[in-house]
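One structure is given below, encoded as structure tokens.
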Amino acid sequence: MDPTTSEPTQGESLDDLSSQFKWPEYVVFVLMLLVSAGIGVFYGCFGGKQKTTSEFLMASRSMSTFPMAMSLIASFMSAITLLGTPAEMYQYGTQYWVIAISYFFVMASAAYLYLPVFFKLQVTSAYEYLELRFAKPVRLLGCFTFTLQMSIYMAIVVYAPALALSQVTGINVWIATTGIFVVCIFYTALGGMKAVMWTDTFQVVVMFGSMLVVIIKGAIDIGGDSAVWEAASQGNRIEFFNWNMDPRERHTLWNLIIGGYFTWIAIYGVNQSQVQRYLTVPTIKMAQTAIWANFVGLTALLSICCYAGLVVYAKYHGCDPLLTKRIEASDQLFPLFVMEILGDVPGLPGLFVAGIFSGALSTVSSGLNSLAAIALEDVCKSIWTDMTEETATKFSKWLAVAFGIISFGLVFVAAQLGGVLQAALSIFGMVGGPLLGVFTLGMFFPWANAKGAFTGTITALTFMFWLGFGANINIQNKTLVIPKKEFSVEDCPVQQNVTAPSLGEFGGVLEFYRLSYMWYSMIACIVVLVVGLTVSFLTGPQDPRKLSPELISPPINAMMKKLFSKKFLKKIKWELGKDLKSKDESLKPVSISNGNNIGVDNLAFNKETGF
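The opening residue of the sequence shown carries number 253 in our numbering; numbering runs sequentially from there.
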């Protein structure tokens, strides 16, 4: 610490900074955990007591718009996002900020193309749809894929930020990870979906509050907003309109809007965690309103995180902590910045840590509840067919505990795998694309059959794992290096000799691996659709006349109405269902083509579309 000022020097060691994390910081951090646990106790003991699976997994479908919107934000705005987005701005510039444009199209599609299907079916597991539309094997494939994805992701989303924070703040990584999982398992298993959604609401407030405190204090110390933008401009960090159409370019206007759409619609359109939240409100209008409210909050939080990265750059643009080896990884940039500007204010670093771990808590609690739901509905009930409601509720609570323990165990595996963070995040995107593809195949292409859906999903998963693993292995081996913006050490107290990393020489298969990760979900979705439809037509396409209209997205139903007049439908004896008044005896109710007993008797016929 410089004796003439309260501000730390840029050369201060991490040990000096971590010593500033004292009891007030721990009090604030523990308080956040206690409030989260307290919400679980309330809903477990007083807020309905979670006696049925509808109450425990779906909040009795009686939640209001506000907590649902906050929970949608919290579910996938994880601690990795809060640390990684500022680091992205610092190293690569503002181009990533453009992904916010894709959010608008994502929310519109989620609200009006995908949500109506799930809402009419009132499913607990999103993968129930895959059996209704296709067959049991497709449902199980989707279920097991999501289970593997979320179990690994939950471990990483807690361990990675805990490791980054521990090396800067001095907080013990294992105490932090253990505390997060214990509290998360506790309130999720005790309070169910209501506890999860209200703790998400609390945690979103903490996330916003902590990030705002940091960037406002940081910007003021640096000289205000104008100084922040001036430093970013001089450092070539301001870039919003990269029109390059080369698919190997990491971030461009094209892959952030188009590729970003496919990446996020895989989350907001068909992901179990989000679909489950949509169905916790009583009306579809409330769900759609919550989606748009989530759009505002999501965009605001992204913008705060992006601006935070510019503030961090303005602080270190003349003495890069990575080049000078003050920190080991980019995820430590933001914690280092926080400790340097807030370290002398008791409690504020603790608020920041609480905000970061709020992101981890919200993601894990969402994951545990969604995994319990699909394990119960997709696996357990198919084996134990006469399970009582009381037994099912108890079982779902223990399933949440079991998945929490499994994910906590995977933390120890993650700790041994060095560069697993980037690989795990790529896997998360790679798995989302095939799952988006199979749901899209079912909802938008009435001719697709079960064989096509299963084959298309397996093909896409195999292809994307080859692409993703290959890229990450080459990145870890330094044979594939992603170029960053220039950094400087000219303002460091002691000048050091630093060398920029070699970009390597590319050619052959490496060119394939250089494909931007922003295209992964789109490519996977297209593979599912192309392979799925090809196999479907080769093996005998699904007869759309035998599909319930509730399994098809509303615009496709409307299109069918325009394509086929009622006269033509009568001519081919289209089985429209009993609700259509007709003298033709052949127009009779039908069941879903895979033999499931949910037919038009249970699913309201859409008279407007006629399909």
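The beta-carbon is built from N, C-alpha and C at its ideal position, and this holds for glycine as well. Bear in mind the structure is a predicted one, so any value in this text is a computation, not a measurement.
Item	Value
Length of the line joining the Cα atoms of leucine 585 and threonine 333	13 Å
Own chain, CB closer than 7 Å to tryptophan 506, minus 5 neighbours either side, in chain order	Met497
Same chain only: Cβ atoms within 7 Å of serine 462, ignoring 5 sequence neighbours per side	Leu603, Phe604, Ala606, Gly607
Closer than 8 Å to chain D by CB, lysine 736	Reference to chain D is not applicable here, since this structure consists of a single protein chain.
C-beta contact flag for proline 499 and tryptophan 718 at 8 Å	no
Distance CB(valine 653)-CB(isoleucine 437) smaller than 8 Å	yes
With 16 other Cβ atoms within 10 Å as the buried cut-off, status of isoleucine 724	The amino acid occupying residue 724 in the given sequence is asparagine; isoleucine does not appear at that position. Looking at its Cβ environment, which holds 16 or more other Cβ atoms inside 10 Å, asparagine 724 is buried.
Validate contact between the segment 317–336 and the segment 451–459 using beta carbons, cut 8 Å, 3 pairs	yes
Between the CA atoms of serine 403 and isoleucine 658 - distance to the nearest angstrom	7 Å
Three-state secondary structure assigned by DSSP to glycine 784	helix
Check whether valine 369 and alanine 471 have beta carbons under 8 Å apart	no
Candidates Thr692, Ala566, Ser288, Val782: closest to serine 361 by CA position	Thr692
Nonlocal neighbours in the same chain, by C-beta distance under 7 Å from proline 587, ignoring five residues either side	Ala416, Leu417, Val420, Thr421
Supposed close pair glycine 443, tyrosine 344 - CB separation, criterion 8 Å	Contact doesn't hold; Cβ gap of about 40 Å is too wide.
Continuous alpha helix (DSSP H) assignments of at least 4 residues falling wholly in the segment 479–522	512–520
Outcome for threonine 643 when other beta-carbon atoms lying within 10 angstroms are tallied against a minimum of 16	exposed
Per-residue burial, isoleucine 635 [other beta carbons within 10 Å of its own, 16 or more giving buried]	exposed
Glutamate 380, buried or exposed, once every other Cβ within 10 Å from all chains shown has been counted against 16	buried
Secondary structure, alpha helix (DSSP H): runs of 4+ residues fully inside the segment 349–386	351–361, 367–373, 380–385
Same chain only: Cβ atoms within 7 Å of proline 573, ignoring 5 sequence neighbours per side	Ile579, Leu585, Leu588
Contact under 8 Å by Cβ, serine 773 with leucine 688	yes
Leucine 531 beta carbon less than 8 Å from that of methionine 359	no
Beta-carbon spacing of leucine 623, threonine 399 below 8 Å	yes
Extent of the continuous alpha helix (DSSP H) to which serine 403 belongs	388–421
Which of helix, strand or coil DSSP assigns to threonine 317	helix
DSSP-derived helix/strand/coil call for serine 834	Note on serine 834: pLDDT 37, under 50, position unreliable in the model; no value is reported.
Close-in-space but distant-in-sequence residues of the same chain around glycine 611 (CB under 7 Å, 5 per side omitted)	Met329, Ser330, Ala331, Thr333, Leu334, Met459
Proximal residues to phenylalanine 645 (C-beta, below 8 Å), its chain only, five neighbours per side dropped	According to the sequence provided, residue 645 is threonine. The question's phenylalanine does not apply to it. Excluding sequence neighbours, threonine 645 sits near Gln302, Lys303, Thr304, Thr305, Glu307, Phe308.
For cysteine 777 and glycine 511, the rounded distance between their alpha carbons	11 Å
First through last residue of the alpha helix (DSSP H) which encompasses isoleucine 593	585–594
Inter-stretch contact at 8 Å, needing at least 3 Cβ pairs: the segment 727–742 / the segment 792–810	no
Helix, strand or coil at leucine 562 [DSSP, three-state]	helix
Under 8 Å between C-beta atoms of glutamine 401 and phenylalanine 696	no
Cα-Cα separation, alanine 700 to leucine 384	13 Å
Extent of the continuous alpha helix (DSSP H) run through cysteine 297	275–297
Local conformation of aspartate 572 per DSSP, three classes	coil
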